[in-house]
Amino acid sequence: MLQHLDPRNQAALVLMGLLVVLTLVEMALSYWEDRKYYETRDTLTNIYLTSLAVVTNLCVKVFTFFILDYTYHHYRLFQIENIFWYWFVLVVVQDFLYWVLHYTGHYCRMFWAMHVTHHSSEHFNFTTGFRSTVFEPLYRVFFYLPLAVMGFTALDILYAYLITQLYGNLVHTQYKIPLPKWYGWIFVTPAHHRVHHASNIPYLDKNMGMVFIIWDRVFGTFRDEDLPEPVKYGLTKQPEDMGPVNVLFHEWKALLHDVKNAPDLKSKIGYFIHPPGWSHDGSTQTARVLQREYKEMEEAHKKHETAA
Numbered sequence: 082m083l084q085h086l087d088p089r090n091q092a093a094l095v096l097m098g099l100l101v102v103l104t105l106v107e108m109a110l111s112y113w114e115d116r117k118y119y120e121t122r123d124t125l126t127n128i129y130l131t132s133l134a135v136v137t138n139l140c141v142k143v144f145t146f147f148i149l150d151y152t153y154h155h156y157r158l159f160q161i162e163n164i165f166w167y168w169f170v171l172v173v174v175q176d177f178l179y180w181v182l183h184y185t186g187h188y189c190r191m192f193w194a195m196h197v198t199h200h201s202s203e204h205f206n207f208t209t210g211f212r213s214t215v216f217e218p219l220y221r222v223f224f225y226l227p228l229a230v231m232g233f234t235a236l237d238i239l240y241a242y243l244i245t246q247l248y249g250n251l252v253h254t255q256y257k258i259p260l261p262k263w264y265g266w267i268f269v270t271p272a273h274h275r276v277h278h279a280s281n282i283p284y285l286d287k288n289m290g291m292v293f294i295i296w297d298r299v300f301g302t303f304r305d306e307d308l309p310e311p312v313k314y315g316l317t318k319q320p321e322d323m324g325p326v327n328v329l330f331h332e333w334k335a336l337l338h339d340v341k342n343a344p345d346l347k348s349k350i351g352y353f354i355h356p357p358g359w360s361h362d363g364s365t366q367t368a369r370v371l372q373r374e375y376k377e378m379e380e381a382h383k384k385h386e387t388a389a
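Using my numbering, the first residue of the sequence shown is number 82, and each one after it goes up by one.
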């Protein structure tokens, strides 16, 4: 049956099948070894959010394809003829644009309000990768328009996105996977992505690559999994209500509350565009401020130990 499918569809089906098998294996090992990597309600929430994301994707699929296809046919600047370089450049540039999208989701609170669902789990396993940013399909296409301008077809852009997303799911695991050192210099590893999902202050907003970690190394958002204390997954402030509706909208409620109580228009706009934690009166702090204070405290502690 597989031989009758397009090679791209064959590869996608194989990868999806591998992910399903690995998820079941991880579930079984976690249960048998009593690691508690999975929790029933959390896993059901992941499935629920995945289902909503699939529905959202299906609803906007025609719109997404039309925008990319229209841009390709009317505004493309060039086209790479060599098939190897075509796919190599497509995957690399698509991954970089995903990094830009992901960075925006962490440093602009309006986008964080949508992305936060992916980080709201206090568990980390293969199903966490499916804990989707449900509303991302509504705006993701605009981040990928440069690919169409570069001469990549709509179908190929969507396919490249699917493959990189599947890879991104494979790094959602707490199991220590031995990988050569060179691999972690180029590609995202499970250790890198554990950092990304951590709420430990030094780990906040780090390692935002999907396939390639080089973007984080170049732009200063890279961090090794090197703290002495264990990784704590989830948000710095977990919502008390983890019900299906509140998981989706709790950050929007908090954002609109802050906007409502802001004293002027500039502050109201600031809550939408500044990073999470920004406040007009300094009553709350962004991750960068928290990390700077953490580093200062750490250095002061070391000086105290040295003096003693």
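Don't be surprised by glycine CBs; every beta carbon is placed ideally from N, CA and C.
**Asked** Whose C-beta lies closer than 7 Å to the C-beta of residue 170 among residues of the same chain, with five residues either side of it excluded?
**Response** 161
**Item:** Proximal residues to residue 229 (C-beta, below 6 Å), its chain only, five neighbours per side dropped
**Value:** 149, 152 and 153
**Contact set for residue 313: own chain, Cβ-Cβ below 7 Å, skip 5 residues either direction** = 279, 280 and 281
**Item:** Separation of residue 301 from residue 288, as counted between CA atoms
**Value:** 9 Å
**Asked** Of all the options 254, 193, 172 and 317, which has the alpha carbon lying nearest to the alpha carbon of residue 237?
**Response** 172
**Message:** My parser needs the alpha helix (DSSP H) runs of 4 or more residues fully inside the segment 266–318; what are they?
**Reply:** 271–277 and 295–300
**Request:** Hey, could you find the ends of the alpha helix (DSSP H) residue 127 is sitting in?
**Result:** 121–156
**Prompt:** So the alpha helix (DSSP H) residue 384 belongs to, where does it begin and stop?
**Reply:** 368–388
**Asked** With distances taken between CB atoms, is the gap from residue 294 to residue 265 smaller than 8 Å?
**Response** yes
**Item:** Rounded Cβ spacing between residue 319 and residue 217 (contact assumed at less than 8 Å)
**Value:** With 8 Å as the limit, residue 319 and residue 217 do not qualify as a contact, their Cβ atoms being about 22 Å apart.
**Prompt:** Cβ of residue 93 within 8 Å of Cβ of residue 258?
**Reply:** no
**Asked** Which residues in the same chain have their Cβ closer than 7 Å to the Cβ of residue 59, if we skip the five residues on either side of it in sequence?
**Response** Outside the modelled stretch of the chain, which goes from 82 to 389, sits residue 59, for which no answer is possible.
**Request:** Return the first residue and the last residue of the alpha helix (DSSP H) that residue 246 is part of.
**Result:** 235–251
**Prompt:** To which residues of the same chain is residue 147 closer than 6 Å at the C-beta, ignoring the five residues directly before and after it?
**Reply:** none
**Request:** Provide the residue span of the alpha helix (DSSP H) that contains residue 353, from first to last.
**Result:** 346–354
**Distance between residue 363 and residue 352 (C-alpha atoms, nearest Å)** = 12 Å
**Item:** Cβ pair residue 273, residue 253 closer than 8 Å
**Value:** no
**Rounded separation between residue 260 and residue 269 - CA only** = 11 Å
**Request:** Would you tell me roughly how many angstroms separate the C-alpha atoms of residue 343 and residue 388, rounded to the nearest one?
**Result:** 46 Å
**Message:** Whole angstroms are fine: how far does the CA of residue 357 sit from the CA of residue 247?
**Reply:** 28 Å
**Asked** Taking Cβ positions, are residue 206 and residue 114 nearer each other than 8 Å?
**Response** no
**Request:** Whole angstroms is fine: what's the gap from residue 376's alpha carbon to residue 298's?
**Result:** 20 Å
**Item:** Proximity below 8 Å, CB of residue 197 to CB of residue 130
**Value:** no
**Asked** Apart from the five residues just before and just after residue 191, which ones in its own chain have a Cβ nearer than 6 Å to its Cβ?
**Response** 353
**Request:** Within 10 angstroms of the Cβ of residue 336, are there 16 or more other Cβ atoms? Answer buried if so, exposed if not.
**Result:** buried
**Request:** Report the residue from 368, 277 and 233 whose alpha carbon sits nearest the alpha carbon of residue 159.
**Result:** 233
**Request:** Between the Cα of residue 310 and those of 324, 283, 240 and 224, spot the shortest distance and give me the residue it belongs to.
**Result:** 283
**Request:** Please say whether residue 223 and residue 178 have beta carbons closer to each other than 8 Å?
**Result:** no
**Prompt:** Any idea if residue 379 is buried or exposed, counting beta-carbon neighbours within 10 angstroms, 16 or more meaning buried?
**Reply:** exposed
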